[in-house]
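2 protein chains.
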Amino acid sequence: MNASSGRGPYAKTAEVRRRILEACVDAFGETGFYGATMKDIAKRAGISHTGLLHHFARKEDLLIAVLELRDERSARFLESADAIDPAKHPVEALRGMLTVIVDSELQPGIMELHCVLSGEATSPGHPAHTYFAERYRSVRRFYTDAYTALAERGELSSAADPKTLAAMTLALINGLQAQWLFDRDSVKMESAIHAFLVSAVPGLAR
Amino acid sequence: MNASSGRGPYAKTAEVRRRILEACVDAFGETGFYGATMKDIAKRAGISHTGLLHHFARKEDLLIAVLELRDERSARFLESADAIDPAKHPVEALRGMLTVIVDSELQPGIMELHCVLSGEATSPGHPAHTYFAERYRSVRRFYTDAYTALAERGELSSAADPKTLAAMTLALINGLQAQWLFDRDSVKMESAIHAFLVSAVPGLAR
DNA sequence: CCTACCGATCGGTAGG
DNA sequence: CCTACCGATCGGTAGG
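Those protein sequences? They're chains E and F, same order as listed.
Taken in order, the first sequence gives residues 72 to 277; the numbers are from the numbering used here.
Taken in order, the second sequence gives residues 72 to 277; the numbers are from the numbering used here.
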């Protein structure tokens with residue numbers, strides 16, 4: 072019953088919080104933020120309704136925590152890859168993006184969470200509206216930096232400017248993921264995105 | 072008090088139903104199907120809760136009716152345009168699509184409705200799951216027919232096959248609409264989609 | 001973290 | 001027998 076053993080109250084709290092946030096991914100992914108209920112999330116996590124309230128006092132706190140957890144994992148991936156600076160390593164940045172897409176098919180629950188919440192959050196009153204607005208802006212900047220670097224090297228074949236290409240890239244990924252969730256057999260995400268990238272950056276075909 | 076006067080019970084029913092479905096577009100667009108309430112929809116439509124239930128006995132009936140109304144309007148547009156047969160008039164079909172995109176910016180409520188509901192409906196248990204699965208499939212077939220016809224004429228410059236191009240086109244439209252709803256100034260839907268179409272079908276630049 | 005609750009509101013139905 | 005609703009309330013469940 073001490074910290075070094077991996078047991079004790081702190082270890083237990085971390086474990087319970089992990090189970091709760093996993094339950095949130097499923098619950099929010101299935102019915103969205105408005106459709107999910109605290110009592111259902113508690114049941115999925117194997118604790119009582121009030122036990123859940125001990126860890127997260129409000130429903131919004133669950134939403135914030137689950138989105139922050141996703142961000143931390145994404146950030147950790149980007150740090151481990153060479154894709155951290157798209158202006159210096161644009162090809163690696165775009166290739167890293169493709170890796171993430173392929174990987175995301177192994178975690179359909181996460182994809183559904185993002186798809187359902189981002190749709191719900193288009194309304195300005197949604198608690199995650201600002202989160203998604205900033206996330207989209209940030210991802211577009213990432214791609215804009217990569218495409219700008221490639222344009223300066225003369226490796227961009229597309230007629231569209233880097234900013235438009237960035238919005239197109241994000242739109243393509245999100246749109247294909249939505250289609251894939253409805254029909255996993257007839258939508259080939261990786262090849263579609265690869266076709267788009269190669270048409271814009273011929274050097275990526277190598 | 073006869074049919075030709077535009078008054079009478081039937082005219083009143085049609086008018087009330089129209090107001091109800093307008094309220095549904097707003098309510099479902101803001102909080103999705105699960106988040107919307109019958110009493111809020113009734114209030115928006117200016118009738119009582121039970122008055123609403125007289126016209127639509129269940130919440131799901133409201134969802135079905137509002138989606139069918141959208142389909143009828145889309146069908147009416149396609150009939151009025153030359154885009155009805157993408158295999159015979161592929162260029163007109165793709166140009167007609169661009170017109171719809173431009174027009175959709177004038178109806179952000181409809182765009183939000185589609186965006187929120189399609190995200191929510193990714194879960195198999197959602198009452199509109201099958202609707203969106205079939206709608207996506209149908210739209211992809213429309214584009215596939217257009218791109219296939221262009222490929223046979225040798226007017227397709229893209230390396231991607233018609234089926235993949237169709238999925239990409241739908242993904243681009245849906246993805247850009249989602250981004251536009253979060254940031255209407257920095258996302259140029261029409262120019263982005265036009266850039267994509269021209270890169271795939273050079274003949275469209277004319 | 002549980003049992004025991006609250007003010008309110010949910011989707012749907014009663015009689016008139 | 002039809003329509004277009006109403007005020008009140010049902011048994012359950014919401015977030016807290």
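Every residue, glycine too, gets a C-beta built ideally from N, C-alpha and C.
Check	Outcome
If I'm right that F/Ala238 touches E/Ala263 with Cβ under 8 angstroms, what's the distance once you round it to whole angstroms?	6 angstroms
Would you call E/Arg206 buried or exposed, if buried means 16 or more other Cβ atoms sit within 10 Å of its Cβ?	buried
Can you list, in chain order, the stretches of the alpha helix (DSSP H) that have 4 or more residues and sit fully within the segment 106-144 of chain E?	109-116 and 120-126
With 9 angstroms set as the bound, which would you pick, yes or no: does the beta-carbon of E/Ala217 sit closer than that to a beta-carbon of chain F?	no
Quick one: Cα of E/Ala266 to Cα of F/His126, how far?	49 angstroms
Assuming E/Val87 contacts E/Ile181 (C-beta within less than 8 angstroms), just tell me the rounded distance between them.	Not really, about 21 angstroms apart at Cβ, beyond 8 angstroms.
Listing by chain order, which chain F residues have their CB less than 7 angstroms from the CB of E/Tyr214?	The contacting residues do not exist; E/Tyr214 stays about 12 angstroms from chain F at best.
Buried or exposed, going by whether 16 or more other CB atoms sit within 10 Å of the CB of F/Ser228?	exposed
Does the pairing of the segment 208-219 of chain F with the segment 206-219 of chain E give three or more beta-carbon distances under 8 angstroms?	no
Within 8 angstroms, do at least three Cβ pairs link the segment 243-259 of chain E to the segment 172-190 of chain E?	yes
Look at F/Gly103 and F/Val187 and say whether their C-beta atoms are less than 9 angstroms apart.	yes
Scan the segment 172-192 of chain F for residues whose Cβ lies nearer than 7 angstroms to a Cβ of chain E and list them as they occur along the chain.	Glu183, Cys186, Val187, Ser189, Gly190 and Glu191
Just to confirm the assignment: which complete alpha helix (DSSP H) runs, minimum length 4, are found wholly within the segment 143-206 of chain F?	161-175 and 179-191
Going by C-alpha to C-alpha distance, which of F/Arg89, F/Ala94, F/Ala107 and F/Arg90 sits closest to E/Glu191?	F/Ala107
Cβ of F/Met168 less than 9 angstroms from any chain E Cβ?	no
Distance check for E/Ala136 and E/Thr201, CA to CA, integer angstroms please.	15 angstroms
Which residues, in chain order, does the segment 228-241 of chain E contribute to contact with chain F at a C-beta distance below 7 angstroms?	Ser229, Ala230, Ala231, Thr235, Ala238, Met239 and Leu241
Tell me the residue span of the alpha helix (DSSP H) that contains E/Ser270.	Met260 to Ala271
So that I know if they touch, is there some Cβ in chain E lying closer than 9 angstroms to that of F/Gly79?	Note that F/Gly79 scores a pLDDT of 49, beneath 50, so its modelled location is shaky and nothing firm can be said.
For a minimum of 4 consecutive residues, which ranges assigned as the alpha helix (DSSP H) are wholly contained in the segment 200-243 of chain F?	200-223
Select from E/Gln178, E/Leu134 and E/Phe148 the residue whose C-alpha is nearest the C-alpha of E/Ala164.	E/Phe148
If the cut is a Cβ gap below 8 angstroms, which residues of chain F does E/Asp254 touch?	Ala204, Tyr207 and Arg208
Would you identify the three-state DSSP class for F/Asp256, choosing helix, strand or coil?	coil
Within this structure, are the beta carbons of E/Thr240 and E/Leu268 separated by less than 9 angstroms?	yes
Once you ignore the five residues that flank F/Pro273 on each side, which residues in its own chain have a CB closer than 6 angstroms to its CB?	Ser228
At least one CB of chain F closer than 9 angstroms to the CB of E/Gly117: is that the case?	no
Taking a cut of 7 angstroms between CB atoms, which residues from the segment 102-132 of chain E lie near chain F?	Thr102, Gly103, Tyr105 and Gly106
Should E/Gly225 be flagged as near chain F, meaning a C-beta pair shorter than 9 angstroms?	no
Using 9 angstroms as the limit for Cβ to Cβ distance, is F/Ala94 near chain E?	no
Within its chain, find whatever has a CB closer than 6 angstroms to the CB of F/Glu131; leave out the 5 residues flanking it on each side and keep chain order.	Pro198
Contact check, E/Ser194 vs E/Phe203 under 8 angstroms by CB: the rounded distance?	The pair is not a contact, with the Cβ atoms about 11 angstroms apart (cut-off 8 angstroms).
Going by Cα to Cα distance, which pick from E/Pro157, E/Thr84, E/Gly196 and E/Asp232 is closest to E/Tyr105?	E/Gly196
Between the Cα of F/Gln178 and the Cα atoms of F/Glu226, F/Gly100 and F/His160, which residue gives the shortest distance?	F/Gly100
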